[in-house]
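Accompanying notes for the structure given below.
Number of protein chains: 2
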Amino acid sequence: MFRNFKVVPHIIFGRGSFNQLDDILAEKRRGVGSFMVFLVDDVFSESGLKTKMPVKKQDLLIWVNVDDEPKTVYVDELTDRVRAYMKSGSNNLPAGIIGIGGGSTMDLAKAVSLMLTNPGSSADYQGWDLIKNPAVYHVGIPTLSGTGAEVSRTTVLSGPEKKLGINSDYTVFDQIVLDPELISGAPADQRFYTGMDCYIHCVESLNGTYLNTFSKAYGEKAIELCREVFLGNGPDSDDKLMIASYFGGMSIAYSQVGVCHALSYGLSFVLGLHHGIGNCIAFDYLEEYYPEGVHEFRRMMKKHGINFPRNLAKGIENHRLEKMVDVALVLEPLWENALGTGWKEIMTREKIKELYQRM
Amino acid sequence: MFRNFKVVPHIIFGRGSFNQLDDILAEKRRGVGSFMVFLVDDVFSESGLKTKMPVKKQDLLIWVNVDDEPKTVYVDELTDRVRAYMKSGSNNLPAGIIGIGGGSTMDLAKAVSLMLTNPGSSADYQGWDLIKNPAVYHVGIPTLSGTGAEVSRTTVLSGPEKKLGINSDYTVFDQIVLDPELISGAPADQRFYTGMDCYIHCVESLNGTYLNTFSKAYGEKAIELCREVFLGNGPDSDDKLMIASYFGGMSIAYSQVGVCHALSYGLSFVLGLHHGIGNCIAFDYLEEYYPEGVHEFRRMMKKHGINFPRNLAKGIENHRLEKMVDVALVLEPLWENALGTGWKEIMTREKIKELYQRM
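From first to last, the protein sequence lines stand for chains A and B. At position 356 of the first sequence (counting the first as 1) the number is 356 in this note's numbering, and the numbers step up by one without a gap. Position in the second sequence (from 1) plus 1000 gives the number in this note's numbering.
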């Protein structure tokens, strides 16, 4: 069985394309009482971007905080805010949810668009294909590139029990706006960590057992663009990083991430690390699995003067270490992609603990 | 203004994925009177593929003939056949149109799906964004790779006056099934000519003035795959050719074809040549515009023992030559992409005639 891959059906790419958002949304606005919800990373609350956003007086603008990675309780809270706003007005669902920010913000926008049409808590839907009803129309506008959240069929959330995405065809954005100008202002370290998310997941997918020609073509081009961005000095590196992220996300169609992402999920859940930096911390200790990738990654780190914290999991209390292992082991497809069907014999709890204790 | 690019929203890729077509269509069939229309290249009427097609007893199977390139009168005739079938049954529109074949067959399927919901003749819609109503759900299943018809927003038709596509977001397939096994039986020369459509349009777009990073990434990877297919000897060359075609089609988002395609349209319209061979004939005389591409193309021809007819337009009657020039000159975006905004000074009627007379 091959996956019938759901692709974002409308893509606009180009420097300044953000200025066309108003026109794009105009087609979706429907008469009286129709409103849009903008979920925007609060780092932009004092920025020039704020003045360019086509927020009309009937719209709801919510500044979201992503100092912590998205949690299911936060998604539920944001959904309740939108519902309260509906009650104060037309009682209609919003005409669209527009997420402007990095992977965390885009994931919040995806999750809220799903939870407006599906009952209960977002924690009920962490898993694969548990969503029953189509989402509200939703638009993703990245201001950081590398996660692939702009094209993926998941929204990764930390719930009460686990860090796991809401994986569904309905999660996929209806529209993305890829404007390289929006990522040009990102802090250098954040740009690096997020960009490495793309680089690392391509290393994992290209070295995985699930790969086919579709995913290989996307993954190879994405990694080539990452090299140009992080080892070269091109003037159009923002454009390239944005396309690398898009291609990296597309490559996941018939592939999977691997050892690094699985371990990174455990680090994030227990230590509260952001996904990008969590990946980098884990990847640096995975020479055994991805020798060439890890060496090239270190050259990229050096060139960009990146130093990340060390010894974070060393000497950690045993129950927290066990929880990290639990979180990592939930991600069976990742382990199977990386190590084949016999992965359970290779990647024992002891082996995972040993890896974590080096980090 | 950047194009808000409409992408085929559902893609399935893999050897044997054609076997999942029945499941994919099952979701679209709607109770009593609901039927599918299969438009299938008549070369398959005696083939093993016929037995694998999920045609139900209520469905309409039409074997289409593409010895000639698709004409608007043929589209209108096929649309009338579907309408007559509707009248004999439920009077409902079909639940879907499934095109199985090369670029011509896929273009027929696209055009019929549009004409079932838009009044008049298909000739009325040759041009850009003239279609007013969404098409019937339509699925493209290529059995030849290279045209990019599986992803494009056009269906190229020869009308009473001109060869020109129906360009519209509604033209884009709702689903494509990319099964490399389906292209493995194509005759070697046809496979070559169709594959060269991809190679040539990538040369044209990568050397054009419209290009941006999105289209460049797709075009570069497509051309790399074409090289592996036509200059290498890989075991998975069907898989690669199928992805090259898909990537080549995607690269057109923010690029255009150029001199070769413009001239090829004239050759097809007046001499009735198929698009693939028309491109090859024209390209071989375009060293002046695409020196590296033409040299590599000749190496590919040599490796595959391809000899195409020569002197087809030599000594042609003047009124036919003039018509060829007219058809080529309609395609203004192609010329502008190839030669810049001042193209009219470079590419005069005399210059085009001179090129045609060599072919």
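Idealized CB from N, CA, C, for every residue including glycine.
**OP:** Going by DSSP, name the residue or residues bridged to B/His1010.
**Re:** Locating residue 1010 of chain B in the second sequence gives position 10, counting from the first residue. Paired residues: A/Lys6.
Original post:
Between A/Asp42 and A/Val66, is the Cβ-Cβ spacing less than 9 Å?
Top reply: Here residue 42 of chain A refers to the residue found at position 42 when the first sequence is read from its first residue. Here residue 66 of chain A refers to the residue found at position 66 when the first sequence is read from its first residue. Taking 9 Å as the Cβ cut-off, A/Asp42 and A/Val66 qualify as a contacting pair.
Original post:
Going straight from the alpha carbon of A/Gly272 to that of A/Gly266, what length do you get?
Top reply: By one-based count along the first sequence, residue 272 of chain A stands at place 272. By one-based count along the first sequence, residue 266 of chain A stands at place 266. Near 9 Å, if we compare the C-alpha coordinates of A/Gly266 and A/Gly272.
**OP:** Pull up the distance between the alpha-carbon of B/Leu1263 and that of A/Gly99, whole angstroms please.
**Re:** To locate residue 1263 of chain B, count along the second sequence from 1; it is residue 263. To locate residue 99 of chain A, count along the first sequence from 1; it is residue 99. The straight-line gap from Cα to Cα measures roughly 45 Å.
**OP:** Give the interface partners of A/Thr213 over in chain B, defined as CB-CB distance under 7 Å, in chain order.
**Re:** As a position in the first sequence, residue 213 of chain A is number 213, starting the count at 1. Chain order gives the chain B residues near A/Thr213 as Asp1236, Asp1239, Lys1240 and Ile1243, where near means a beta carbon separation below 7 Å.
Original post:
Which residues share a DSSP beta bridge with A/His138?
Top reply: As a position in the first sequence, residue 138 of chain A is number 138, starting the count at 1. Partner(s): A/Ile97.
Original post:
In terms of residues, what are the limits of the beta strand (DSSP E) holding B/Ser1113?
Top reply: Counted from its first residue, the second sequence places residue 1113 of chain B at position 113. Segment Gly1103 to Met1115 is the alpha helix (DSSP H) holding B/Ser1113; no beta strand (DSSP E) there.
Original post:
Residues in the stretch 1004 to 1020 of chain B with C-beta within 9 Å of chain A's C-beta atoms, listed in sequence order?
Top reply: Asn1004, Phe1005, Lys1006, Val1007, Val1008, Pro1009, His1010, Ile1011, Ile1012, Phe1013, Gly1014, Arg1015, Gly1016, Ser1017 and Gln1020
Original post:
From which residue to which residue does the beta strand (DSSP E) around A/Met36 run?
Top reply: In the first sequence, the residue the question calls residue 36 of chain A occupies position 36. A/Met36 -> beta strand (DSSP E) spans Met36 to Asp41.
Original post:
Between A/Glu324 and the rest of its own chain, which residues show a CB-CB distance below 6 Å, the 5 nearest in sequence each way excluded?
Top reply: Within the first sequence, residue 324 of chain A is the residue found at index 324, counting from 1. According to the sequence shown, residue 324 of chain A is Met rather than Glu. So the list reads Gly266, Val270 and Tyr356, once near-sequence residues are dropped.
Original post:
Can B/Ile1176 and B/Ile1200 be called in contact, C-beta distance under 9 Å?
Top reply: As a first step, residue 1176 of chain B is located in the second sequence; it is residue number 176 there, counting from the start. As a first step, residue 1200 of chain B is located in the second sequence; it is residue number 200 there, counting from the start. No, they are not a contact pair.
**OP:** Pick out the complete beta strand (DSSP E) segments inside the stretch 312 to 344 of chain A, 3 residues or longer, and give them in chain order.
**Re:** none
Original post:
Using a beta-carbon distance below 9 Å, is A/Ala253 in contact with chain B?
Top reply: Locating residue 253 of chain A in the first sequence gives position 253, where the first residue counts as 1. It does; some Cβ of chain B falls within 9 Å.
Subject >> Among A/Glu181, A/Ala338 and A/Thr194, the one whose alpha carbon lies nearest that of A/Ile306 >> reply: If you number the first sequence from 1, residue 306 of chain A lands on position 306. Closest by alpha carbon: A/Thr194.
Original post:
What is the rounded straight-line gap between the Cα of A/Glu150 and the Cα of B/Ser1184?
Top reply: On the first sequence, residue 150 of chain A is found 150 positions in, with the first residue counted as 1. On the second sequence, residue 1184 of chain B is found 184 positions in, with the first residue counted as 1. A/Glu150 and B/Ser1184: Cα-Cα distance of roughly 35 Å.
**OP:** Evaluate B/Arg1153 with the Cβ neighbour count: other Cβ atoms within 10 Å of its Cβ, from every protein chain shown; 16 or more gives buried, anything less gives exposed.
**Re:** Residue numbering aside, residue 1153 of chain B sits at position 153 when the second sequence is read from its first letter. So B/Arg1153 counts as buried.
Original post:
So, do the stretch 1162 to 1178 of chain B and the stretch 1128 to 1139 of chain B have three or more beta carbon pairs nearer to each other than 8 Å?
Top reply: With the cut-off at 8 Å, the stretch 1162 to 1178 of chain B and the stretch 1128 to 1139 of chain B touch.
**OP:** Report the neighbours of A/Ala217 on chain B: residues whose CB is nearer than 7 Å to its CB, in chain order.
**Re:** Taking the first sequence and counting its residues from 1, one reaches residue 217 of chain A at position 217. Here the neighbours are Lys1221, Leu1225, Ile1243 and Phe1247.
Subject >> Paired residues, beta bridge with A/Lys163 - DSSP >> reply: One-based indexing of the first sequence puts residue 163 of chain A at position 163. Answer is A/Ser158, bridged to A/Lys163.
**OP:** Would you decide whether A/Ala222 is buried or exposed? Buried here means 16 or more other CB atoms lie within 10 Å of its CB.
**Re:** For the purposes of this step, residue 222 of chain A is taken as the residue at position 222 of the first sequence. With 16 or more Cβ atoms within 10 Å of its Cβ, A/Ala222 is classed as buried.
Original post:
Between the Cα of A/Glu220 and the Cα atoms of A/Leu61, A/Phe230, A/Ser205 and A/Tyr210, which residue gives the shortest distance?
Top reply: Looking up residue 220 of chain A in the first sequence gives position 220. Of the listed residues, the one whose Cα sits closest to A/Glu220 is A/Ser205.
**OP:** From the DSSP output, in three-state form, read off A/Lys216 for me.
**Re:** As a first step, residue 216 of chain A is located in the first sequence; it is residue number 216 there, counting from the start. Correct three-state label for A/Lys216: helix.
Subject >> Local Cβ density within 10 Å of B/Arg1191, reported as buried at 16 or more and exposed below that >> reply: Position 191 of the second sequence, counted from the first residue, corresponds to residue 1191 of chain B. Buried is the label assigned to B/Arg1191, since at least 16 other Cβ atoms lie within 10 Å of its Cβ.
Subject >> Assigned exposure category for A/Thr348 - 16 Cβ within 10 Å defines buried >> reply: Stepping through the first sequence from its first residue, residue 348 of chain A is reached at position 348. That one is exposed.
Original post:
Rounded to whole angstroms, how far is the Cβ of A/Leu78 from the Cβ of A/Leu49, which I believe are closer than 8 Å?
Top reply: Position 78 of the first sequence, counting from 1, holds the residue named residue 78 of chain A. Position 49 of the first sequence, counting from 1, holds the residue named residue 49 of chain A. No, A/Leu78 and A/Leu49 are not in contact; Cβ-Cβ is about 20 Å, not under 8 Å.
Original post:
DSSP on A/Gly248, reduced to helix/strand/coil?
Top reply: Counting from 1 along the first sequence, the entry for residue 248 of chain A is found at position 248. In this structure, A/Gly248 counts as helix in the three-state DSSP scheme.
Subject >> Assigned secondary structure, A/Gln175 (DSSP; H/G/I helix, E/B strand, else coil) >> reply: Residue 175 of chain A sits at position 175 when you count from the first residue of the first sequence. Here A/Gln175 sits in strand by DSSP.
**OP:** Identify, in the order they occur along the chain, each residue of the same chain with its Cβ nearer than 7 Å to the Cβ of B/Gly1208, setting aside the five sequence neighbours on each side.
**Re:** Counting from one through the second sequence, the residue named residue 1208 of chain B turns up at place 208. So the list reads Ser1255, Gln1256, Gly1258, Asn1337 and Ala1338, once near-sequence residues are dropped.
**OP:** Using a Cβ cut-off of 7 Å, pull out every chain B residue sitting near A/Phe2, in sequence order please.
**Re:** Along the first sequence, read from residue 1 onward, the residue named residue 2 of chain A stands at position 2. The answer, in chain order, is Ile1012, Phe1013, Gly1014, Ser1017 and Gln1020.
Original post:
Would DSSP call A/Val64 helix, strand or coil?
Top reply: Counted from its first residue, the first sequence places residue 64 of chain A at position 64. Note: A/Val64 maps to strand in three-state DSSP.
**OP:** Could you give the DSSP three-state label for B/Lys1071: helix, strand or coil?
**Re:** Locating residue 1071 of chain B in the second sequence gives position 71, where the first residue counts as 1. Note: B/Lys1071 maps to strand in three-state DSSP.
Subject >> Where A/Ile24 meets chain B, residues with beta-carbon distance less than 8 Å >> reply: Numbered from its first residue, the first sequence carries residue 24 of chain A at position 24. What A/Ile24 touches in chain B: Asn1004.
Original post:
Taking Cβ to Cβ, would you say A/Pro134 is nearer than 9 Å to A/Thr117?
Top reply: By one-based count along the first sequence, residue 134 of chain A stands at place 134. By one-based count along the first sequence, residue 117 of chain A stands at place 117. A contact, by the Cβ cut-off of 9 Å.
**OP:** Return the CA-CA distance between B/Val1112 and A/Arg30, expressed in angstroms with no decimal places.
**Re:** Indexing the second sequence from 1 puts residue 1112 of chain B at position 112. Indexing the first sequence from 1 puts residue 30 of chain A at position 30. Distance between the alpha carbons of B/Val1112 and A/Arg30 is about 31 Å.
**OP:** Classify B/Thr1341 as buried or exposed, calling it buried when 16 or more other Cβ atoms lie within 10 Å of its own Cβ.
**Re:** The sequence position of residue 1341 of chain B within the second sequence is 341, counting from 1. The residue is exposed, with fewer than 16 neighbouring Cβ atoms inside 10 Å.
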